[in-house]
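All remarks here apply to the structure that follows.
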Amino acid sequence: MPGVLANVDYGDLLTIFRAREVIIEARKRFVTKIDKLDPEILADSFYIHYRTPILKNPSSLESIKEKLWYMIVSTYINSPEYREVSKVTKLNSKLSRIMATKVIRVYINMLTKVERNEILKDALESNIPKPRSDVSSNEKDSQGPGSSSSPLEFKLLEQEVRTQLSINIGNLKGIDEMVSRVKSLLGASVGHEVAELLLNAEEDSERVKLMNMLRSLIKLVSSIKREYEIFEEASEGKGVPEGVKKMRSIDEFRDTTPSEQALIKYSKALFAYKLGTSNLTVRERRLDTKPKLYLLIDKSGSMFYTVSNRVPHEVGSLSKIVWATSIALVLALKGGKIVVRYFDRQAHELIKDKRTIVKTLLTLTPLGGTSITTAVRTAIQDAKENPKLRTYRLILITDGEDDYVNPETLIEAKKTYRDFKAILVGNDNQVIEKYISTLKIRNLDIKEAKEVLKTI
Amino acid sequence: MSIMSTNPQEAISRIRDVYYKLNEIFFKFNNEITGILISTLSRENYLLIGPPGTAKTTLVYALSRLLNAKWFYRQLTKFTDLEEVIGPINIAKLLEGKVERIYANSIVDCEFALLDEIFNASSAILNTLLSILNERVIYDGDKIVPVKTWTVFGSSNRVPDEEELQALYDRFPLRVFTEYVDPDDTEPLMIKGWELRKELEKIEPLASMEDIYSINKITISYLDNNIKDVSKIVSPIVANYVEHVPVSNRTRVKVPLYALTYLVIHGFTLENINSTLLRVATVKILKYLIHNREQINDYLAFASAHLPEDLLRITELTNEAKALISNYAISEAKERVKDAYKMLQELKERWSKLMIKLFESEINELESLLNKLKDIVEER
Chain Y
20 MPGVLANVDY GDLLTIFRAR EVIIEARKRF VTKIDKLDPE ILADSFYIHY RTPILKNPSS
80 LESIKEKLWY MIVSTYINSP EYREVSKVTK LNSKLSRIMA TKVIRVYINM LTKVERNEIL
140 KDALESNIPK PRSDVSSNEK DSQGPGSSSS PLEFKLLEQE VRTQLSINIG NLKGIDEMVS
200 RVKSLLGASV GHEVAELLLN AEEDSERVKL MNMLRSLIKL VSSIKREYEI FEEASEGKGV
260 PEGVKKMRSI DEFRDTTPSE QALIKYSKAL FAYKLGTSNL TVRERRLDTK PKLYLLIDKS
320 GSMFYTVSNR VPHEVGSLSK IVWATSIALV LALKGGKIVV RYFDRQAHEL IKDKRTIVKT
380 LLTLTPLGGT SITTAVRTAI QDAKENPKLR TYRLILITDG EDDYVNPETL IEAKKTYRDF
440 KAILVGNDNQ VIEKYISTLK IRNLDIKEAK EVLKTI
Chain G
2 MSIMSTNPQE AISRIRDVYY KLNEIFFKFN NEITGILIST LSRENYLLIG PPGTAKTTLV
62 YALSRLLNAK WFYRQLTKFT DLEEVIGPIN IAKLLEGKVE RIYANSIVDC EFALLDEIFN
122 ASSAILNTLL SILNERVIYD GDKIVPVKTW TVFGSSNRVP DEEELQALYD RFPLRVFTEY
182 VDPDDTEPLM IKGWELRKEL EKIEPLASME DIYSINKITI SYLDNNIKDV SKIVSPIVAN
242 YVEHVPVSNR TRVKVPLYAL TYLVIHGFTL ENINSTLLRV ATVKILKYLI HNREQINDYL
302 AFASAHLPED LLRITELTNE AKALISNYAI SEAKERVKDA YKMLQELKER WSKLMIKLFE
362 SEINELESLL NKLKDIVEER
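From first to last, the protein sequence lines are chains Y and G.
Going by our numbering, the first sequence opens with residue 20, and the numbers climb by one from there.
Going by our numbering, the second sequence opens with residue 2, and the numbers climb by one from there.
Here you go:
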């Protein structure tokens with residue numbers, strides 16, 4: 020049996036299921052020859068990530084395939100990449116599956132290399148892999164015979180395994196810290212989503228880009244959240260009319276329903292009777308203690324730049340789109356009812372939770388022109404389909420790079436929503452500024468973000 | 002007791018009584034009983050597959066009696082005539098030149114129908130059955146006759162291989178595989194079996210078909226209003242399941258309804274339903290959507306992987322301990338067993354009674370396995 024872990028029951032139904040799940044995941048990722056692999060190897064690839072692996076005694080290894088798999092697992096679980104990634108994948112089946120497919124790729128590639136290269140084959144045949152001393156206590160007592168010999172061919176093989184691991188696993192430095200920070204700031208579900216996106220990245224450059232965006236986002240969101248308490252709307256004391264009720268105190272007199280007001284004019288006696296018997300009906304007002312906002316965030320190519328620089332995803336810089344998203348996230352973290360639509364030439368899917376906001380931000384493609392009119396029209400349509408949205412404030416965040424904005428659409432949106440404001444980031448737009456209340460942002464910093472939160 | 006009232010809460014309470022009664026009179030039949038109630042409450046056809054003598058017919062009979070429902074029973078063979086199922090031609094009318102049937106006491110006239118050995122039926126009957134199962138009508142000559150049958154139960158001792166029977170098989174989306182009890186359970190089976198015989202003679206209705214209609218109506222109405230939210234929770238689980246066990250589109254659509262009825266049977270009101278409960282119920286009802294006996298293992302593994310996090314962690318620790326014992330890593334195994342015990346104890350204290358009830362069999366099984374493992378590690 021080619022399984023190399025002592026703490027996996029290969030005959031268990033759940034283990035067999037996990038192995039099948041790795042196959043399904045690998046097929047989705049176009050991993051070739053996956054169907055030819057032993058289920059024990061597939062189970063190992065999963066459980067080295069899901070559990071703390073305990074390697075079996077290598078002296079029982081017989082075939083070249085078993086020895087090669089043992090060597091890959093042993094090298095991998097002692098690598099800095101594994102130390103980093105295992106903290107994230109432990110007890111997380113989805114992330115363990117993703118990483119399992121990457122290790123499987125290494126195995127398949129190495130298998131092909133060994134089959135084609137006699138030197139590597141001989142190196143494997145003549146050597147029983149040496150277990151590393153820091154893997155587990157169980158394994159310390161089980162050093163295999165022949166493990167001391169380390170000829171040049173074997174070193175070549177080891178080097179080849181490390182190269183393959185480096186190509187397929189990539190640089191995962193800082194992932195655990197990043198995921199932990201996201202979890203503590205935005206919650207476990209957002210953390211898992213971010214971990215998945217980071218592990219899914221096929222290339223290191225893509226991962227660096229995501230890490231950069233996340234770093235900026237976390238820094239900004241945590242700074243604003245720490246320093247600022249948004250919306251003391253309860254203190255406004257106005258509330259939103261919602262249904263009718265019997266009047267309980269004289270303060271509610273101003274809210275008497277039109278039919279009761281008519282009584283004052285036409286039947287004072289009846290009005291007095293109803294007042295005396297506490298049967299006057301008034302409009303019920305529900306206090307809005309949390310913000311209710313509909314954010315339209317521009318995601319056109321230009322939003323991925325900083326205000327002053329036109330280099331997208333520049334390391335250490337803060338792009339307009341990250342800045343805008345952090346506003347949405349802070350509002351969501353404060354318990355507000357937030358819906359978001361990113362838009363370019365067209366409006367994208369309506370998002371209602373912070374997990375999807377972050378996921379969408381990280382997967383957005385910085386492409387497409389800008390059609391503010393289309394986006395605002397979509398928001399109007401949303402309010403028609405869902406009248407509850409009419410009590411929301413509509414906020415447009417854009418750099419205003421749109422040649423034509425239809426003023427009539429802006430006016431209609433103003434009438435449809437409780438309020439309509441625009442945040443112009445690093446740019447001007449005469450139509451927007453003329454028809455709706457606009458706040459211009461020149462620097463993407465915490466101070467400006469706080470100003471925006473106060474204004475909206 | 003008036004069982005005509007259709008107040009949904011009272012109806013649910015009475016159906017719970019039926020559930021308890023069936024569990025009380027049948028021996029180790031909870032799986033089959035839950036399935037039959039899910040199918041009845043969601044107006045779905047239910048197939049019982051298993052060897053002869055596993056109380057398939059008796060279960061349907063007992064349910065009919067407890068619900069005061071009129072039931073139709075036929076054992077189908079390839080020689081069974083269509084008249085035996087949908088009623089004979091009215092000879093008196095025939096003499097007048099009119100072709101009419103007498104539907105009284107046929108499948109058309111009954112609330113429940115149990116078709117024994119359903120896959121042995123002739124093709125003429127199969128064609129008629131398809132429209133009964135799917136549309137609840139029969140095409141009789143030039144007439145379309147509505148069928149009163151609320152739920153059709155099928156029983157068989159085999160899963161059909163024949164291509165022509167696959168359409169009929171899919172009309173029974175909810176399936177249960179009955180089996181003989183363990184040899185060790187023969188004594189309690191014998192006692193329960195004799196008690197069951199007596200019980201069936203004096204069994205009285207505890208609920209009515211009105212209760213079934215009422216619950217069916219409120220669950221459907223709940224889904225009409227909440228399907229978007231419900232499907233967000235239910236669909237990822239079903240999507241994962243169908244990667245392992247194929248389920249037809251027709252059946253996938255119905256999964257939210259089955260899940261809700263499962264919760265109703267287990268004492269949860271529609272107002273109290275939350276995402277955790279829906280997830281639990283979805284995983285539980287997927288066991289009725291398997292095609293053959295071999296897929297039971299696929300389901301069990303799937304259900305383990307989708308256990309609530311705490312329970313899954315204990316399962317994983319137990320599996321690890323098992324593997325470590327096989328590999329003579331006793332001290333490591335001992336640690337796992339100890340951790341698993343501790344977690345199980347904490348879980349029992351933290352979980353609500355209803356939640357523990359939902360996972361009673363899994364918890365008992367884990368506890369028994371842990372006890373065995375504990376004995377082994379202590380011996381060594």
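The beta carbon of each residue, even a glycine, is placed where N, CA and C say it ideally should be.
In this text, all values refer to a predicted model and were calculated from it rather than measured experimentally.
Open item on the list: Tell me which residues share the same chain as residue 79 of chain G and place their Cβ nearer than 8 Å to its Cβ, disregarding the 5 neighbours each side in the sequence.
Closed with: Here residue 79 of chain G is taken as the residue at index 78 of the second sequence, counted from 1. Counting only Cβ-Cβ distances below 8 Å, and skipping sequence neighbours, we find 121, 122, 123.
Check your understanding: Using the beta-carbon count (16 or more within 10 Å), is residue 191 of chain G buried or exposed?
Key -> Walking along the second sequence from the start, residue 191 of chain G turns up at place 190. Of the residues assessed, residue 191 of chain G falls on the exposed side of the cut-off, its CB having fewer than 16 other CB atoms within 10 angstroms.
Original post:
Taking the runs of the beta strand (DSSP E) that are 3 residues or longer, which of them lie wholly in the region 108-194 of chain G?
Top reply: As summarised for the region 108-194 of chain G, the continuous beta strand (DSSP E) elements at least 3 residues long and confined to that stretch are 113-117, 138-141, 144-147, 152-157, 175-178, given in chain order.
* To do: With distances taken Cα to Cα, identify the nearest neighbour of residue 146 of chain G among G:68, G:153, G:87, G:157.
  => Taking the second sequence and counting its residues from 1, one reaches residue 146 of chain G at position 145. For the options G:68, G:153, G:87, G:157, the alpha carbon positioned closest to that of residue 146 of chain G is the one of G:87.
Query raised in the report: Any residues in the region 72-97 of chain Y with a beta carbon nearer than 8 Å to a beta carbon of chain G? Which ones, in chain order?
Result: Flagged, chain order: 73, 75.
*asked:* Can you confirm whether residue 56 of chain Y, when its beta carbon is compared against all beta carbons of chain G, has any partner nearer than 8 Å?
replied: Against the first sequence, residue 56 of chain Y aligns to sequence position 37. Taking 8 Å as the CB threshold, residue 56 of chain Y stays off the interface with chain G.
By how many angstroms is the C-alpha of residue 142 of chain G removed from the C-alpha of residue 92 of chain G?
The residue you call residue 92 of chain G lines up with position 91 of the second sequence. The residue you call residue 142 of chain G lines up with position 141 of the second sequence. Spanning the two alpha carbons is a distance of roughly 16 Å.
Worksheet item: Are the C-beta atoms of residue 287 of chain G and some chain Y residue less than 8 Å apart?
Response: Within the second sequence, residue 287 of chain G is the residue found at index 286, counting from 1. It does not: the Cβ of residue 287 of chain G has no partner Cβ on chain Y nearer than 8 Å.
| message | Measuring straight from C-alpha to C-alpha, what distance separates residue 194 of chain Y and residue 71 of chain Y? | response | Locating residue 194 of chain Y in the first sequence gives position 175, counting from the first residue. Locating residue 71 of chain Y in the first sequence gives position 52, counting from the first residue. Their Cα atoms are separated by approximately 18 Å.
### Task
Assign residue 100 of chain Y to one of two classes, buried (16 or more other C-beta atoms within 10 Å of its C-beta) or exposed (fewer than that).
The count along the first sequence starts at 1 and reaches residue 100 of chain Y at position 81. Sixteen is the threshold: when 16 or more other Cβ atoms of the shown chains lie within 10 Å of the Cβ of residue 100 of chain Y, as they do, the residue is buried.
query = Is it right to say residue 183 of chain Y is buried, meaning 16 or more other beta carbons lie within 10 angstroms of its own, or is it exposed?
reply = Residue 183 of chain Y sits at position 164 when you count from the first residue of the first sequence. Here residue 183 of chain Y is buried, its C-beta having at least 16 other C-beta atoms within 10 Å.
If you draw a straight line from the alpha carbon of residue 207 of chain Y to that of residue 212 of chain G, how long is it in whole angstroms? Taking the first residue of the first sequence as position 1, residue 207 of chain Y is located at position 188. Taking the first residue of the second sequence as position 1, residue 212 of chain G is located at position 211. Cα-Cα distance, rounded: 43 Å.
I think residue 30 of chain G touches residue 60 of chain G, with their Cβ atoms under 8 Å apart; what is that distance to the nearest whole Å? In the second sequence, residue 30 of chain G corresponds to position 29, counting from 1. In the second sequence, residue 60 of chain G corresponds to position 59, counting from 1. The Cβ separation is near 7 Å, so the contact holds.
### Message
Can you list, in chain order, the residues of its chain with a C-beta nearer than 8 Å to that of residue 367 of chain G? Leave out the 5 residues immediately preceding and following it.
### Response
As a working mapping, residue 367 of chain G is identified with position 366 in the second sequence. Excluding sequence positions up to five before and after residue 367 of chain G, its CB lies within less than 8 Å of the CB of 312, 315, 316, 319, 341, 345, all in the same chain and listed in chain order.
Quick one: complete beta strand (DSSP E) runs, 3+ long, within the region 205-276 of chain G?
-> Complete beta strand (DSSP E) runs here, min 3: none at all.
Problem - Between the CA atoms of residue 345 of chain Y and residue 9 of chain Y - distance to the nearest angstrom - result: Given a span of 20 to 475 for chain Y in the structure shown, any question on residue 9 of chain Y remains unanswerable.
Output yes if chain G places a C-beta closer than 8 Å to the C-beta of residue 111 of chain Y; else output no. Locating residue 111 of chain Y in the first sequence gives position 92, counting from the first residue. For residue 111 of chain Y, not one C-beta of chain G is nearer than 8 Å to its own C-beta.
Check your understanding: Is the Cβ of residue 320 of chain G closer than 8 Å to any Cβ of chain Y?
Key -> Residue numbering aside, residue 320 of chain G sits at position 319 when the second sequence is read from its first letter. Output row for residue 320 of chain G: interface = yes.
> Name the chain Y residues that come within less than 8 Å of residue 345 of chain G, Cβ to Cβ?
Replying inline: To locate residue 345 of chain G, count along the second sequence from 1; it is residue 344. In chain Y, no part has a C-beta under 8 Å from the C-beta of residue 345 of chain G; the shortest such distance is about 17 Å.
Self-check item: Among Y:98, Y:54, Y:141, nearest to residue 120 of chain Y - alpha-carbon criterion
Solution: Taking the first sequence and counting its residues from 1, one reaches residue 120 of chain Y at position 101. When each option's Cα is compared against that of residue 120 of chain Y, the closest is Y:54.
Margin query: Could you give the first and the last residue of the continuous beta strand (DSSP E) run that contains residue 307 of chain G?
Written below: As a working mapping, residue 307 of chain G is identified with position 306 in the second sequence. No beta strand (DSSP E) holds residue 307 of chain G; DSSP gives it neither H nor E.
Practice task
Could you work out which residue in G:57, G:285, G:343 is closest to residue 306 of chain G when comparing CA atoms only?
Solution key: Locating residue 306 of chain G in the second sequence gives position 305, counting from the first residue. Of the listed residues, the one whose Cα sits closest to residue 306 of chain G is G:285.
* **With 16 other Cβ atoms within 10 Å as the buried cut-off, status of residue 49 of chain Y** => As a working mapping, residue 49 of chain Y is identified with position 30 in the first sequence. Exposed is the call here.
Notebook entry, point to check: Over what stretch of residues does the alpha helix (DSSP H) that includes residue 100 of chain G continue unbroken?
Noted result: Along the second sequence, one-based indexing puts residue 100 of chain G at 99. Per DSSP, residue 100 of chain G lies in no alpha helix (DSSP H) segment and is marked neither H nor E.
I'd like to know whether the C-beta of residue 277 of chain G is nearer than 8 Å to at least one C-beta of chain Y. In the second sequence, residue 277 of chain G corresponds to position 276, counting from 1. Not closer than 8 Å to any Cβ of chain Y, the Cβ of residue 277 of chain G fails to qualify, so no.
- Query: Would you call residue 238 of chain G buried or exposed, if buried means 16 or more other Cβ atoms sit within 10 Å of its Cβ?
  - Reply: Here residue 238 of chain G refers to the residue found at position 237 when the second sequence is read from its first residue. Residue 238 of chain G comes out buried.
Discussion item. Contact defined as beta carbons within less than 8 Å: I believe residue 428 of chain Y pairs with residue 402 of chain Y. What is the distance between those atoms, to the nearest angstrom?
Written reply: Position 409 of the first sequence, counted from the start, is the residue given in the question as residue 428 of chain Y. Position 383 of the first sequence, counted from the start, is the residue given in the question as residue 402 of chain Y. Under the criterion of beta carbons closer than 8 Å, residue 428 of chain Y and residue 402 of chain Y do not qualify as touching, at roughly 13 Å.
Rounded distance between the beta-carbons of residue 309 of chain Y and residue 411 of chain Y, thought under 8 Å: The sequence position of residue 411 of chain Y within the first sequence is 392, counting from 1. The sequence position of residue 309 of chain Y within the first sequence is 290, counting from 1. Their Cβ separation, rounded to whole angstroms, is 11 Å, which puts residue 411 of chain Y and residue 309 of chain Y out of contact at 8 Å.
- prompt: Using the beta-carbon of each residue, which ones in chain G are nearer than 9 Å to residue 39 of chain Y?
  reply: The residue you call residue 39 of chain Y lines up with position 20 of the first sequence. Neighbourhood of residue 39 of chain Y in chain G, by CB distance below 9 Å: 244, 245, 299, 302, in chain order.
Next item on the list: Apply the 10 Å Cβ neighbour rule to residue 212 of chain Y and answer buried if 16 or more other Cβ atoms are within range, or exposed otherwise.
Entry: In the first sequence, counting from the first residue as 1, residue 212 of chain Y sits at position 193. Buried is the call here.
Which two residues bound the contiguous beta strand (DSSP E) that contains residue 314 of chain Y? Against the first sequence, residue 314 of chain Y aligns to sequence position 295. Segment 311-317, the beta strand (DSSP E) holding residue 314 of chain Y.
ask   = Would you call residue 142 of chain Y buried or exposed, if buried means 16 or more other Cβ atoms sit within 10 Å of its Cβ?
value = Position 123 of the first sequence, counted from the start, is the residue given in the question as residue 142 of chain Y. Answer is buried; the Cβ neighbour count reaches 16.
DSSP state of residue 286 of chain Y mapped onto helix, strand, coil
Taking the first residue of the first sequence as 1, we reach residue 286 of chain Y at position 267. Coil at residue 286 of chain Y, not helix or strand.
Item to complete: Pull up the distance between the alpha-carbon of residue 327 of chain G and that of residue 302 of chain G, whole angstroms please.
Response: For the purposes of this step, residue 327 of chain G is identified with residue 326 of the second sequence, where counting begins at 1. For the purposes of this step, residue 302 of chain G is identified with residue 301 of the second sequence, where counting begins at 1. CA-to-CA, the gap between residue 327 of chain G and residue 302 of chain G works out to about 21 Å.
(Q) Using only the alpha-carbon positions, how far apart do residue 426 of chain Y and residue 278 of chain Y sit? (A) Position 407 of the first sequence, counting from 1, holds the residue named residue 426 of chain Y. Position 259 of the first sequence, counting from 1, holds the residue named residue 278 of chain Y. In a straight line, the C-alpha of residue 426 of chain Y is about 38 Å away from that of residue 278 of chain Y.
Applying the criterion that 16 or more other CB atoms from any shown protein chain within 10 Å of the CB defines a buried residue, is residue 256 of chain Y buried or exposed?
Your numbering for residue 256 of chain Y matches position 237 in the first sequence. Because the pLDDT at residue 256 of chain Y is just 46, under 50, the model does not fix this residue reliably, and the value given afterwards should be weighed accordingly. Under this definition residue 256 of chain Y is an exposed residue.
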